[in-house]
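Below is one structure, written out as structure tokens; the observations come after it.
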Amino acid sequence: MESPGIETVVHASAVAWNSRAALILGRSGSGKSQLALEMMAMGATLVSDDRTRLGKRGDAVFASPPESIRGRIEARGVGILRSEFVGEAEVALAVDMESEELERLPPKRTVRLLSVGVELVRGANAEALAAKLIQHLKGGRAA
């Protein structure tokens, strides 16, 4: 992070499409790294795995990797893998891997990150979630 401001480290993974990041939240074993790997296989770039530093500048939240885990992601049953990564990306949406979406066309939900409202997607048991999230990062939500 460039400027001193509000900053914290959260238990989350993050991947980016261009400069827009999805922050993947959930307890250990909830599928954070698996979802990140699937999105990376579709062209997204790793920001951070398992622990993500969040910083606030103006009305935006930015994700970056802690130095000790830059360019590394856990693949259960395989090991810790090296990866290209981006040093910082604006958090465009958050994904809750512990909550399931029950509505076909859900209302727009938000979560507060460092006092900033960020769109929230419920990701537990979602089909084709990686593809949906990448498209969301590419084009945003229309309705």
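Going left to right, the sequence shown walks through residues 153 to 295 as the numbering used here numbers them.
No residue lacks a Cβ here, since even glycine has one placed at the ideal position from N, Cα and C.
These numbers come from a predicted model, not from an experiment.
Check                                                                                                                                       : Outcome
Does Ser-200 come out as helix, strand or coil in the three-state DSSP assignment?                                                          : strand
Whose C-beta lies closer than 8 Å to the C-beta of Met-192 among residues of the same chain, with five residues either side of it excluded? : Val-167, Leu-198, Ile-225, Ser-235
Mind reading off the beta-carbon distance from Val-243 to Val-213? Whole number of angstroms is fine, and I expect it under 8 Å.            : 4 Å
Per DSSP, what kind of secondary structure is Leu-272 in: helix, strand or coil?                                                            : strand
State yes or no: is the C-beta of Ile-176 within less than 9 Å of the C-beta of Ala-246?                                                    : yes
Taking just the CA atoms, how far does Val-270 sit from Ala-188?                                                                            : 19 Å
Between the stretch 276-293 and the stretch 169-184, are three or more C-beta pairs nearer than 8 Å?                                        : yes
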